[in-house]
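2 protein chains.
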Amino acid sequence: MKKFTAIGLEGFPLVKPGDNIAELIVKTARRNGVIIEDGDIIAIAQKIFSKAEARIRRLSDVYPSEKAREIARKTGKDPRFVELVMQETSRVIKASAGTLIVEDKRGLVCINAGIDKSNVKGSGNFALLPENPDESARKCRVELARLTGKNVAVIICDTYSRPFRRGQVNFAIGIAGIKTFKDYRGLKDLFGYTIKVKRTAVVDEIACAAELLMGQANEAVPVVIIKGLNPFVEFSEQSSISELYISREEDLFKNTL
Amino acid sequence: MKKFTAIGLEGFPLVKPGDNIAELIVKTARRNGVIIEDGDIIAIAQKIFSKAEARIRRLSDVYPSEKAREIARKTGKDPRFVELVMQETSRVIKASAGTLIVEDKRGLVCINAGIDKSNVKGSGNFALLPENPDESARKCRVELARLTGKNVAVIICDTYSRPFRRGQVNFAIGIAGIKTFKDYRGLKDLFGYTIKVKRTAVVDEIACAAELLMGQANEAVPVVIIKGLNPFVEFSEQSSISELYISREEDLFKNTL
Chain A
57 MKKFTAIGLE GFPLVKPGDN IAELIVKTAR RNGVIIEDGD IIAIAQKIFS KAEARIRRLS
117 DVYPSEKARE IARKTGKDPR FVELVMQETS RVIKASAGTL IVEDKRGLVC INAGIDKSNV
177 KGSGNFALLP ENPDESARKC RVELARLTGK NVAVIICDTY SRPFRRGQVN FAIGIAGIKT
237 FKDYRGLKDL FGYTIKVKRT AVVDEIACAA ELLMGQANEA VPVVIIKGLN PFVEFSEQSS
297 ISELYISREE DLFKNTL
Chain D
57 MKKFTAIGLE GFPLVKPGDN IAELIVKTAR RNGVIIEDGD IIAIAQKIFS KAEARIRRLS
117 DVYPSEKARE IARKTGKDPR FVELVMQETS RVIKASAGTL IVEDKRGLVC INAGIDKSNV
177 KGSGNFALLP ENPDESARKC RVELARLTGK NVAVIICDTY SRPFRRGQVN FAIGIAGIKT
237 FKDYRGLKDL FGYTIKVKRT AVVDEIACAA ELLMGQANEA VPVVIIKGLN PFVEFSEQSS
297 ISELYISREE DLFKNTL
């Protein structure tokens, strides 16, 4: 039967700088009665990596540059918050009243370079994205293999707004052990016609599936284990989230917004 | 335990004009040994509704307007194909070499008004989106209740390209019985801070989860039944896909591409 099951690990502990995420996953899975198996895909909210990797910043420690002050004036945001965003940014895409959209130094286009406050302790504290989410995913996967002996894939994810549609959905921001796309180009459809352009971004779709169990408030479910999906995606030692990033010149949606 | 299971119904029959999709789902579920239960969420690829609702068009029957010819010159597309797109369009957003992006008459922004060729029989035949996907979903849900006595939600979905990221993902395009968003605004996070802006577009996330089993080639799996997710989303008699559509003025990404 063509099916998969997604399991949200409940009661995940609060994560502190230096924590080994893979160890916490293995322990929490055990407490949940979940056995990690070959072919499992483990989706993990970025925030626990931000915490483990000490990527939390306190606004009162930040000294805003002149550039940050200028953007703060345009956007109405705290200059120190803007400074944090600018340190993570390669290109400002939009700075207007209430809105700061950038391409971050990893290549991800999003609001505020993915920096936010939710589920971070301390009123002036904000979480930056992991420095290199692919590398965070890779290390976590290696650790999971060491601890369990199992070959799993890891997807680090975060929720973002998107153009043309209200609300947020989860995106993959770092991956290890799984191909980014399922590529249908050159395959035949039901009637033998050759498919020309379609390749589905399965890592984003898996991130979305996982978010349905993670939630965004006080659920404390930052890790979702997906079982049974491996026959329908491709595991791979060679993949990078950067395959999802597209230059403005190549973007079909250029000049649409 | 916090979990859900997604099941792709295999061996779905080819759909013909006038077919009752709900009946085909009930029969195919039975053959797959899947029992439809209260709280199931049934994700359905739009193409089978296009077929059942006789929304297939033959290019040789289409006479292109002057406007369609003009856009065909700009895009390099077949004028008759462009005419089909224009009949479904409220606003052309971009017409350039190889690219035609529109807001369709339903409010959905996408390439070619969602009209495509894949899994449609006959070399000159193309499938239009269902005329009113919410209404198609509603009728299917009512029929499923009549046939099974069960209260399920229905999400009609289709894959689309999106700005800023390569590849396609599934979007919801018509819904019945389920709330569009999970709204976190006003809720507290782990540390008691109030969440300000987040509401996740759960119907899009469910569409993504389902696509992982549907595939886009000759899989013949247009229906995925999701079990166990109902405690984590909200069923509702009042919802519409139009809640996802956003005007250019309100779109945070205005002027970013």
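Sequence lines, in order, name chains A and D. As numbered in the numbering used here, residues 57 to 313 make up the first sequence, in order. As numbered in the numbering used here, residues 57 to 313 make up the second sequence, in order. Note that the Cβ used here is the ideal one computed from N, Cα and C, for glycine as well.
Item to check | Near-chain A residues of the segment 279–292 of chain D (beta-carbon distance less than 8 Å), N- to C-terminal order | outcome: Shown in chain order are the members of the segment 279–292 of chain D whose Cβ falls below 8 Å from a Cβ of chain A: 285, 288, 289.
Checklist entry - Between the segment 210–221 of chain D and the segment 186–195 of chain D, do at least 3 Cβ pairs fall closer than 8 Å? => result Judged by Cβ distances under 8 Å, the segment 210–221 of chain D makes contact with the segment 186–195 of chain D, as three or more pairs qualify.
Next on the checklist: On the CB-based measure, 16 or more other CB atoms within 10 Å of its CB, does residue 102 (chain D) come out buried or exposed?
Outcome noted: With 16 or more Cβ atoms within 10 Å of its Cβ, residue 102 (chain D) is classed as buried.
Checklist entry - For residue 225 (chain D), which residues in chain A fall below 8 Å Cβ to Cβ? => result Correct list: 256, 257, 260, 261, 264.
Checklist entry - Tell me which same chain residues have a C-beta within less than 7 Å of the C-beta of residue 230 (chain A), skipping the five on either side of it? => result Only residues of its own chain outside the window of five on either side were considered, and among them 186, 189, 190, 192, 193, 212, 297 have a CB closer than 7 Å to the CB of residue 230 (chain A), listed in chain order.
Next on the checklist: Please confirm whether residue 294 (chain D) has its beta-carbon closer than 8 Å to some beta-carbon of chain A.
Outcome noted: The beta-carbon of residue 294 (chain D) is placed no less than 8 Å from the nearest beta-carbon of chain A.
Next on the checklist: Quick check on the DSSP output: what are the complete alpha helix (DSSP H) runs of length 4 or more inside the segment 193–281 of chain A, in order along the chain?
Outcome noted: Runs of the alpha helix (DSSP H) inside the segment 193–281 of chain A: 258–270.
Item to check | Bridge-paired residues (DSSP) for residue 152 (chain D) | outcome: Per DSSP, D:155.
Next on the checklist: Given this structure, state the Cα-to-Cα distance separating residue 61 (chain A) from residue 59 (chain D), to the nearest angstrom.
Outcome noted: So the two alpha carbons sit approximately 7 Å from each other.
Checklist entry - Considering only residues of the segment 128–192 of chain D, which uninterrupted beta strand (DSSP E) runs meet the minimum length of 3 residues and lie entirely inside it, listed in chain order? => result Qualifying beta strand (DSSP E) stretches, in chain order: 145–152, 155–160, 165–167, 181–183.
Item to check | Outcome for residue 142 (chain A) when other beta-carbon atoms lying within 10 angstroms are tallied against a minimum of 16 | outcome: Burial call: buried.
Checklist entry - How would you list, in chain order, the residues of chain A whose beta-carbon sits under 8 Å from the beta-carbon of residue 174 (chain D)? => result By Cβ distance, chain A contributes 245, 249, 251, 254.
Checklist entry - Which value, in whole angstroms, describes the spacing of the CA atoms of residue 293 (chain D) and residue 92 (chain D)? => result In a straight line, the C-alpha of residue 293 (chain D) is about 19 Å away from that of residue 92 (chain D).
Checklist entry - Buried or exposed: where does residue 253 (chain A) fall if 16 or more other Cβ atoms within 10 Å of its Cβ makes it buried? => result Residue 253 (chain A) comes out exposed.
Next on the checklist: I'd like to know whether the C-beta of residue 219 (chain D) is nearer than 8 Å to at least one C-beta of chain A.
Outcome noted: Residue contact with chain A for residue 219 (chain D): present (Cβ-Cβ distance below 8 Å to some residue of chain A).
Checklist entry - Candidates D:238, D:214, D:219, D:146: which alpha carbon is nearest residue 227 (chain D)'s? => result It is D:214 whose Cα lies nearest to the Cα of residue 227 (chain D).
Checklist entry - So, using beta-carbon positions, are residue 108 (chain A) and residue 281 (chain A) closer together than 8 Å? => result Residue 281 (chain A) sits away from residue 108 (chain A), with the two beta carbons spaced by 8 Å or more.
Checklist entry - Can you name the start and end residues of the beta strand (DSSP E) that residue 84 (chain A) belongs to? => result Per DSSP, residue 84 (chain A) belongs to no beta strand (DSSP E); it is in the alpha helix (DSSP H), 77–87.
Item to check | contact_flag[the segment 76–90 of chain D, the segment 272–290 of chain D] where n(CB pairs < 8 Å) is 3 or more | outcome: Inter-segment contact for the segment 76–90 of chain D and the segment 272–290 of chain D is present: three or more beta-carbon pairs are separated by less than 8 Å.
Item to check | Within-8 Å CB hit, residue 276 (chain D) to chain A | outcome: Taking Cβ atoms only, chain A reaches closer than 8 Å to residue 276 (chain D), which makes this a yes.
Item to check | Any C-beta of chain D under 8 Å from that of residue 102 (chain A) | outcome: No, residue 102 (chain A) lies away from the interface with chain D (no Cβ there is under 8 Å from its Cβ).
Checklist entry - Which same chain residues, not among the five before or five after residue 166 (chain D), have their C-beta less than 6 Å away from its C-beta? => result Hits under 6 Å: 216.
Item to check | One or two residues paired with residue 114 (chain A) in a DSSP bridge | outcome: Partner(s): A:181.
Next on the checklist: Suppose the cutoff is 6 Å on Cβ atoms and the five residues either side in sequence are ignored; what does the same chain contact list for residue 181 (chain D) look like?
Outcome noted: The answer, listed in chain order, is 112, 114.
Checklist entry - Who are the Cβ neighbours of residue 263 (chain D) in its own chain at under 7 Å, not counting the five residues just before and after it? => result Excluding positions up to five away in sequence, the list reads 99, 211, 213, 226, 227, 228.
Checklist entry - Closest by CA to residue 303 (chain A), which one among A:245, A:164, A:274? => result The shortest CA-to-CA distance from residue 303 (chain A) to any of A:245, A:164, A:274 is the one to A:164.
Item to check | Collapsed DSSP secondary structure at residue 123 (chain D) in the structure displayed | outcome: The DSSP-derived three-state label of residue 123 (chain D) is helix.
Next on the checklist: As a quick exercise: from D:116, D:291, D:245, pick the residue whose alpha carbon is nearest that of residue 172 (chain A).
Outcome noted: Residue D:245 is the option with its Cα nearest to residue 172 (chain A).
Item to check | Contact under 8 Å by Cβ, residue 160 (chain D) with residue 144 (chain D) | outcome: Yes. Within cutoff.
Checklist entry - For residue 58 (chain D), which of helix, strand or coil comes out of DSSP? => result The answer is strand: DSSP assigns residue 58 (chain D) an E or B state.
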